[in-house]
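Residue numbers (this note's numbering): 108 to 474.
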Ligand SMILES: Cc1ncc(COP(=O)(O)O)c(C=O)c1O
């Protein structure tokens with residue numbers, strides 16, 4: 108039987124009645140933008156993240172962009188981030204006219220290697236965007252110590268990591284937290300959506316203006332803003348799914364445990380590991396293997412699924428040619444991009460589907 112990489116319909120099925128009723132209610136209310144569901148979701152999501160506030164926006168990309176705008180990032184500024192992430196993380200730095208500065212990653216956590224950050228800090232560095240990749244928190248303690256010393260803002264890219272914890276604190280509660288609710292994320296909606304978490308009422312005011320054309324009072328625009336609002340239908344669906352998020356994350360962890368048990372005896376595979384102080388949310392279950400591309404072909408040939416996140420790091424992307432990075436500049440990232448392989452891990456994946464995938468991987472390495 109084929110095994111899908113991701114199947115959101117399995118999650119929706121048991122919630123179908125509730126979701127449809129919530130969507131109908133929005134339709135019948137006649138209020139589709141910035142209504143009571145958005146306000147309620149913002150409160151509930153902030154509570155979940157352990158922050159004072161959350162502000163809904165149109166996507167995770169916009170959450171990062173508006174975070175940078177609030178931090179006052181503009182031309183001439185530098186923003187340090189990871190080269191091993193989705194394009195959006197660095198794209199938004201360019202939207203602001205600022206320059207991304209990429210720092211190499213740690214090959215076990217796939218996150219920024221904080222010991223390499225300080226030598227990249229210059230007097231132009233205004234913000235750092237740590238990415239909690241694959242659902243695992245970045246090493247936030249040394250990072251927060253570093254930024255406190257250097258008066259640099261932190262915008263956490265929490266797109267893949269809603270619910271992840273570092274030393275007992277949820278991601279998004281260290282700096283500004285930028286979340287994505289794209290359907291494949293830990294908490295996903297029926298389209299695009301995002302949110303920014305913060306402790307500051309002043310920042311909430313700015314974000315609420317920025318997401319709505321700079322509006323502070325109807326048809327009064329104090330600044331140039333954006334059209335970046337979370338809509339009522341998405342917020343209504345997110346409120347329902349948020350109630351189940353911890354259960355979904357437990358299932359992701361159970362799936363990861365089963366993979367680890369079944370794959371641990373294959374010496375060619377490096378399994379994901381994480382510091383004991385982190386609670387991983389496994390938005391992706393990513394192993395490292397030689398002959399990765401052959402293995403992907405082998406699995407797909409059997410109707411099984413695997414994906415490569417990410418085959419080409421950002422510093423080597425054509426879109427960033429003008430930054431003048433070259434092969435060899437960030438060796439850990441460059442080595443990792445050749446061997447990472449993500450296996451299906453969504454909460455509703457069946458043990459039998461994990462077993463099928465692992466049997467095929469064993470068969471591949473016995474060949
Ligand atoms: C690490 C990371 N950052 C940012 C984003 C952007 O989020 P969105 O697709 O909601 O704009 C994504 C989405 O895939 C992501 O994985």
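From the three backbone atoms N, C-alpha and C, an ideal C-beta is built for every residue, glycine too.
- [ ] Using DSSP bridges, identify the partner residues of residue 235.
- [x] Within the chain shown, numbered from 1, the residue matching residue 235 stands at position 128. Answer is 187, 261.
Task: Residues of its chain near residue 312, where Cβ-Cβ distance is below 6 Å and the 5 sequence neighbours each way are ignored - done: Taking the chain shown and counting its residues from 1, one reaches residue 312 at position 205. Once the five neighbours on either side are set aside, residue 312 has no close Cβ partner at all.
Task: C-alpha distance - residue 443 paired with residue 405, whole-angstrom precision - done: Counted from its first residue, the chain shown places residue 443 at position 336. Counted from its first residue, the chain shown places residue 405 at position 298. Taken atom to atom, the span from the alpha-carbon of residue 443 to that of residue 405 is near 20 Å.
TODO: Mind listing which residues have their beta carbon within less than 6 Å of any non-hydrogen atom of ligand 1? Chain order is fine.
DONE: 166, 167, 168, 192, 193, 195, 196, 238, 264, 266, 267, 287, 289, 299, 301
Open item on the list: Please report the straight-line C-alpha distance between residue 250 and residue 138, rounded to a whole angstrom.
Closed with: Position 143 of the chain shown holds residue 250. Position 31 of the chain shown holds residue 138. Spanning the two alpha carbons is a distance of roughly 42 Å.
Task: alpha helix (DSSP H) runs wholly inside the stretch 279–338, at least 4 long, in chain order - done: Fully enclosed alpha helix (DSSP H) runs of no fewer than 4 residues occupy 308–317 of the stretch 279–338, in order along the chain.
Task: Span separating the alpha-carbon of residue 207 from that of residue 223 - done: Walking along the chain shown from the start, residue 207 turns up at place 100. Walking along the chain shown from the start, residue 223 turns up at place 116. Using only the alpha carbons, I get a separation of about 15 Å.
TODO: Along the alpha helix (DSSP H) that carries residue 442, what are the first and last residues, could you check?
DONE: For the purposes of this step, residue 442 is taken as the residue at position 335 of the chain shown. It spans 438–446 - the alpha helix (DSSP H) in which residue 442 sits, taken as one unbroken run.
- [ ] Would you mind stating whether residue 269 and residue 292 have Cβ atoms separated by less than 8 Å?
- [x] For the purposes of this step, residue 269 is identified with residue 162 of the chain shown, where counting begins at 1. For the purposes of this step, residue 292 is identified with residue 185 of the chain shown, where counting begins at 1. A contact, by the Cβ cut-off of 8 Å.
- [ ] Run the CB neighbour count on residue 397, radius 10 Å, all protein chains shown included, and call it buried at 16 or more, exposed below.
- [x] Taking the first residue of the chain shown as position 1, residue 397 is located at position 290. Exposed is the call here.
Task: Option nearest residue 212 by Cα separation, candidates 246, 472, 369 - done: Position 105 of the chain shown, counted from the start, is the residue given in the question as residue 212. Nearest of 246, 472, 369 to residue 212, Cα basis: 246.
Task: DSSP state of residue 163 mapped onto helix, strand, coil - done: The count along the chain shown starts at 1 and reaches residue 163 at position 56. Correct three-state label for residue 163: strand.
Open item on the list: Can you tell me which residues form a DSSP beta bridge with residue 273?
Closed with: For the purposes of this step, residue 273 is taken as the residue at position 166 of the chain shown. 276, 385, per the DSSP bridge assignment.
Task: residue 108 in three-state terms, based on DSSP - done: Locating residue 108 in the chain shown gives position 1, where the first residue counts as 1. Coil, per DSSP.
Open item on the list: Just verifying my parser: in three-state terms, what is the DSSP assignment at residue 376?
Closed with: On the chain shown, position 269 is the one that residue 376 refers to. Three-state DSSP puts residue 376 in a strand.
- [ ] With DSSP as the reference, label residue 414 as helix, strand or coil.
- [x] Within the chain shown, residue 414 is the residue found at index 307, counting from 1. The answer is strand: DSSP assigns residue 414 an E or B state.
Task: Pairwise C-alpha distance: residue 175 and residue 232 - done: In the chain shown, counting from the first residue as 1, residue 232 sits at position 125. In the chain shown, counting from the first residue as 1, residue 175 sits at position 68. Residue 232 and residue 175: Cα-Cα distance of roughly 12 Å.
Task: Inter-stretch contact at 8 Å, needing at least 3 Cβ pairs: the stretch 366–383 / the stretch 408–415 - done: no
Open item on the list: Quick check on the burial criterion: 16 or more other C-beta atoms within 10 angstroms. Buried or exposed for residue 239?
Closed with: Taking the chain shown and counting its residues from 1, the one referred to as residue 239 is at position 132. Under this definition residue 239 is a buried residue.
Open item on the list: Tell me the rounded alpha-carbon separation between residue 420 and residue 225.
Closed with: Numbered from its first residue, the chain shown carries residue 420 at position 313. Numbered from its first residue, the chain shown carries residue 225 at position 118. Spanning the two alpha carbons is a distance of roughly 21 Å.
TODO: Tell me residue 219's beta-bridge partners as DSSP assigns them.
DONE: By 1-based counting over the chain shown, the position of residue 219 is 112. Answer is 212, bridged to residue 219.
TODO: Please confirm whether residue 389 and residue 242 have their CB atoms less than 8 Å apart.
DONE: Locating residue 389 in the chain shown gives position 282, counting from the first residue. Locating residue 242 in the chain shown gives position 135, counting from the first residue. Closer than 8 Å, so yes.
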